[in-house]
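These protein sequences, in sequence, are chains A and B.
Going by the UniProt record's numbering, the letters in the first sequence line up with residues 1 to 301, in that order.
Going by the UniProt record's numbering, the letters in the second sequence line up with residues 1 to 310, in that order.
No residue lacks a Cβ here, since even glycine has one placed at the ideal position from N, Cα and C.
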Amino acid sequence: MNKVKQLLLGKEVDKGLLFRILMYLLLIDVAFIYLKPIIYMITTMIKSKQDLLDPAVIWVPMKLYAGHLIDALGMLDYWKGFTISVTVASLSALFQIISCAVAGYAFARLEFPFKKFWFAALLFTFIMPPQVTILPSILMFKEFGWINTYWPLIIPTLFGHGLKGALFVLIFRQFFSTLPKEMEEAARMDGAGALRIFFKVMLPISRSAIIVVFLFSFVWTWNDSYFPSMYMFGASDVPLSTSLSKLNAKLAMEAQEGGLRAFLEPIKMAASFFIILPLLVLYAFTQRWFVEGIERTGLVE
Amino acid sequence: MLARMKKTLQQNRWYPLNRATKTRRPIWRNTATLRKIEGSLFIAPWIFGFIAFVAFPLVYSLYMSFNLVKITVTGVHSSWVGIQYYREILFSDGGLLYDDLFPFLREALVIIPIILVFSLMIAILLNMKFYGRGLFRVIFFLPVIFSSGQIIDEFMEQGEGTLTIISDLKVDTFLQQYLPEMWLNPVQNVIGSFVLVLWYSGVQILIFLAGRQTISGSVYEAARIDGADPWSIFWKITLPGMAPFIFLNMIYTIVDLFTYPSNPIIGKVTTDNYGLSSALAWIYFMIVLLFIGIVLFIYSRINHKLATQR
Chain A
1 MNKVKQLLLG
11 KEVDKGLLFR
21 ILMYLLLIDV
31 AFIYLKPIIY
41 MITTMIKSKQ
51 DLLDPAVIWV
61 PMKLYAGHLI
71 DALGMLDYWK
81 GFTISVTVAS
91 LSALFQIISC
101 AVAGYAFARL
111 EFPFKKFWFA
121 ALLFTFIMPP
131 QVTILPSILM
141 FKEFGWINTY
151 WPLIIPTLFG
161 HGLKGALFVL
171 IFRQFFSTLP
181 KEMEEAARMD
191 GAGALRIFFK
201 VMLPISRSAI
211 IVVFLFSFVW
221 TWNDSYFPSM
231 YMFGASDVPL
241 STSLSKLNAK
251 LAMEAQEGGL
261 RAFLEPIKMA
271 ASFFIILPLL
281 VLYAFTQRWF
291 VEGIERTGLV
301 E
Chain B
1 MLARMKKTLQ
11 QNRWYPLNRA
21 TKTRRPIWRN
31 TATLRKIEGS
41 LFIAPWIFGF
51 IAFVAFPLVY
61 SLYMSFNLVK
71 ITVTGVHSSW
81 VGIQYYREIL
91 FSDGGLLYDD
101 LFPFLREALV
111 IIPIILVFSL
121 MIAILLNMKF
131 YGRGLFRVIF
141 FLPVIFSSGQ
151 IIDEFMEQGE
161 GTLTIISDLK
171 VDTFLQQYLP
181 EMWLNPVQNV
191 IGSFVLVLWY
201 SGVQILIFLA
211 GRQTISGSVY
221 EAARIDGADP
231 WSIFWKITLP
241 GMAPFIFLNM
251 IYTIVDLFTY
261 PSNPIIGKVT
271 TDNYGLSSAL
281 AWIYFMIVLL
291 FIGIVLFIYS
301 RINHKLATQR
């Protein structure tokens, strides 16, 4: 009797069988909730006409059908959008890594006048909804002749701003302030300046923070449709995130003109799939470092 | 050896030996200013960016909110209208703001605790050692990749937002009986898109997971030796230790929720009427600040209480 009890409840609660079962149930449920849309997306986009109309077919299609995939690729103008998205997202990620690390290092370790004030400004930037400054920004970029180009998306990232730039500065600041001070002091004794210390000592050891910021920056820029739609409303070459809404509008129009309605969903799903596919691939390759990095950075204030 | 090195390092910190003259000079004579110049150089790009991309547009948007702004081929023309737009939004034409704001605020009040509790729970589970932990982590960080995009909206449109179990259990009729009317709709909305709420928790799970690692294992060890049961370990050690992260997550969730582009109020900041839109954006920003202010206040209270308890 006692043995059974121990097996079920364990010496400590989190070792017991009962707890384990409950935990796995919970984890699997939540994992299913997270995965279901992706499974749905993939199964829907490869359904053929018959499968879509057949109520008996819910998850597994009778046969594979690639027509919707090809349609979606064509309607998205995929390769053009893909090139633009990759360029914009990787440039902003790269710039944000460098500029936000520089700013974060300054906030963590260096002295400069009115430091407290500028730190308050950083926090302010973090909590300010971007919509407060969007209209003047549009006017400003128009003045520069940057509307309908990628510059409004990229240039601010050079200075540690841009999409969620403040958050990245905070992440780097946090990371640098947890490093032991002795490291820099040793370099200082050898006569190195802040610039050399930063590029030769600090940046090389901040791999985990860099990966976290890179992935967040890349993914968020890739997905963001708000800024492109505001700054590039008249452009014909847009990132993938915006071309999805264009595709939606196109499909809605076609649907109104008659027919096609049953095939809207698979095309939309195929388009969504192609848009997130590069992110999934990226995540598949980086997730190991990403998960580790999150733990080491202490993505923490 | 190391301790001695450290000691000499500290001793010489303020009066380093100048090798050439064999004298000690106070470091602040020249180095402190040098450090400040170095620091200023490092922060200069960020400050420039702040002025160009935050401060200037901010001031300009405040100015626009008091003006009738017309954009023509020749440039931007503005004529002063004073607080007319603010009055319009806040008092005369309430529909513009309040119709969306109040339901949204109520929803936010329901969503924020759900996200916090859910992500805390998941983070604690993911922190345990069990078979398949790596796989679960990979899956649970997926929302970080999706939740910012239009893809989510797409899923919601396909009805992926609801859990069938909720309609199976007839939660709706239950709610209708017990909730006051004002809260019924928001709660129904949140439950209707419950999956969405879970999808929003990606970054929060990460923050909690990172936070959980900051509580050292020896504290748990000690508690276990003292014979504390897991329930009280959670309430006495984990939760107080996580307090700063709960607070951080609360701020993050509020900011995220209130700046999400498909948020109803934000959708109204359009380019049709620059003055009115700017005023709306400012009012909205003040509400966000107020919200965060309240959280700060509550947090400082809790922190105070925790500090006195110890």
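Other residues of its chain near residue i: CB distance less than 7 Å, five sequence neighbours each side excluded
| i | result |
| --- | --- |
| Ile-292(B) | Ile-251 and Ile-254 |
| Val-300(A) | Because Val-300(A) carries a pLDDT of 44, less than 50, the predicted location of this residue cannot be relied on, and the following value inherits that uncertainty. Within the same chain, Val-300(A) has close Cβ partners Gln-174. |
| Trp-222(A) | Ser-85, Ala-89, Ser-241 and Leu-279 |
| Gly-267(B) | none |
| Ile-47(B) | none |
| Asn-185(B) | Pro-103 |
| Leu-203(A) | Ala-101 |
Option nearest residue i by Cα separation, candidates the options
| i | options | result |
| --- | --- | --- |
| residue 356(B) | Tyr-178(B), Gly-39(B), Val-269(B) and Leu-257(B) | The requested residue 356(B) does not occur in the structure, where chain B is confined to residues 1 to 310. |
| Phe-245(B) | Ile-205(B), Glu-154(B) and Lys-305(B) | Ile-205(B) |
| Ile-302(B) | Ser-79(B), Met-286(B) and Ala-243(B) | Ala-243(B) |
| Ile-33(A) | Leu-135(B), Leu-116(B), Leu-101(B) and Phe-140(B) | Phe-140(B) |
| Glu-184(A) | Leu-110(A), Trp-79(A), Ile-154(A) and Phe-273(A) | Leu-110(A) |
| Arg-207(A) | Ile-98(A), Leu-73(A) and Leu-22(A) | Ile-98(A) |
| Leu-125(B) | Phe-19(A), Ile-267(A), Asp-237(A) and Ala-284(A) | Phe-19(A) |
| Val-195(B) | Arg-35(B), Leu-58(B), Ala-32(B) and Ile-114(B) | Ile-114(B) |
| Pro-57(B) | Leu-123(A), Lys-36(A), Leu-22(A) and Phe-141(A) | Phe-141(A) |
| Ala-52(B) | Thr-178(A), Pro-152(A), Asp-190(A) and Met-269(A) | Pro-152(A) |
| Asp-272(B) | Thr-72(B), Asn-127(B) and Lys-36(B) | Thr-72(B) |
| Trp-199(B) | Ser-119(B), Leu-41(B), Asp-226(B) and Thr-33(B) | Ser-119(B) |
| His-68(A) | Trp-289(A), Leu-264(A), Phe-285(A) and Phe-82(A) | Leu-264(A) |
| Pro-240(B) | Val-219(B), Asn-67(B), Tyr-260(B) and Asp-226(B) | Val-219(B) |
| Asn-249(B) | Gly-134(B), Ile-111(B), Phe-102(B) and Leu-116(B) | Leu-116(B) |
| residue 355(B) | Lys-36(B), Ser-278(B) and Thr-238(B) | Chain B is shown only over 1 to 310; residue 355(B) falls outside these bounds and no answer can be derived. |
| Pro-113(A) | Gln-176(B), Val-59(B) and Ile-43(B) | Ile-43(B) |
Beta-carbon gap between residue i and residue j smaller than 9 Å
| i | j | result |
| --- | --- | --- |
| Ser-92(A) | Ser-217(A) | yes |
| Leu-96(B) | Leu-289(B) | no |
| Leu-244(A) | Ala-271(A) | yes |
| Ala-194(A) | Gly-39(B) | yes |
| Gly-49(B) | Phe-159(A) | yes |
| residue 308(A) | Arg-173(A) | A question about residue 308(A) goes unanswered here, because the residues of chain A that appear run from 1 up to 301. |
| Val-86(A) | Pro-278(A) | yes |
| Phe-198(A) | Tyr-105(A) | yes |
| Ala-101(A) | Val-213(A) | yes |
| Ile-122(B) | Val-30(A) | yes |
| Met-64(B) | Leu-135(A) | yes |
| Ile-267(A) | Met-41(A) | no |
| Tyr-78(A) | Phe-274(A) | yes |
| Ile-207(B) | Ile-276(A) | no |
| Ile-265(B) | Asp-100(B) | yes |
| Gly-275(B) | Phe-66(B) | yes |
Neighbourhood of residue i by C-beta, 8 Å cutoff - its chain only, sequence neighbours within 5 removed
| i | result |
| --- | --- |
| Pro-61(A) | Thr-43, Ile-46, Lys-47, Ser-48 and Asp-51 |
| Phe-297(B) | none |
| Asn-148(A) | Tyr-231, Met-232, Phe-233, Gly-234 and Ala-235 |
| Ile-283(B) | Tyr-86, Ile-89, Leu-90 and Leu-97 |
| Leu-142(B) | Gly-202 |
| Glu-164(A) | The amino acid at residue 164(A) is misidentified as Glu; the sequence shows Lys. Excluding residues within five positions, the ones whose Cβ falls inside 8 Å are Phe-216, Ser-217 and Trp-220. |
| Phe-290(A) | Ile-211, Val-212, Leu-215 and Tyr-283 |
| Ala-166(A) | Leu-122, Leu-123, Thr-125 and Phe-126 |
| Val-81(B) | Phe-66, Asn-67, Leu-68 and Gly-275 |
Residue i - containing beta strand (DSSP E), residue span
| i | result |
| --- | --- |
| Leu-68(B) | 67 to 72 |
| Trp-222(A) | Note, Trp-222(A): premise wrong, no beta strand (DSSP E); alpha helix (DSSP H) at 207 to 223. |
| His-161(A) | No beta strand (DSSP E) contains His-161(A), which DSSP labels as neither H nor E. |
Close beta carbons around residue i, own chain, < 6 Å, minus the five adjacent residues each side
| i | result |
| --- | --- |
| Leu-170(A) | none |
| Ala-103(A) | Gly-160 and Val-169 |
| Phe-247(B) | Tyr-299 |
| Ala-228(B) | none |
| Ile-233(B) | Ala-223 |
| Gly-211(B) | Met-242 and Phe-245 |
Start-to-end residues for the alpha helix (DSSP H) that takes in residue i
| i | result |
| --- | --- |
| Trp-80(B) | Note, Trp-80(B): premise wrong, no alpha helix (DSSP H); beta strand (DSSP E) at 75 to 80. |
| Tyr-252(B) | 239 to 259 |
| Pro-61(A) | Element bounds for Pro-61(A): n/a, residue is neither H nor E. |
| Tyr-78(A) | 78 to 109 |
| residue 307(A) | Nothing can be reported for residue 307(A): it is not among the residues displayed for chain A, which extend from 1 to 301. |
| Thr-44(A) | 17 to 45 |
| Ile-147(A) | Counting along the chain, Ile-147(A) falls outside any alpha helix (DSSP H), and DSSP gives it neither H nor E. |
| said: For a minimum of 4 consecutive residues, which ranges assigned as the alpha helix (DSSP H) are wholly contained in the region 77 to 123 of chain B? | reply: Every unbroken stretch of the alpha helix (DSSP H) spanning 4 or more residues and falling wholly within the region 77 to 123 of chain B is given here in chain order: 84 to 87.
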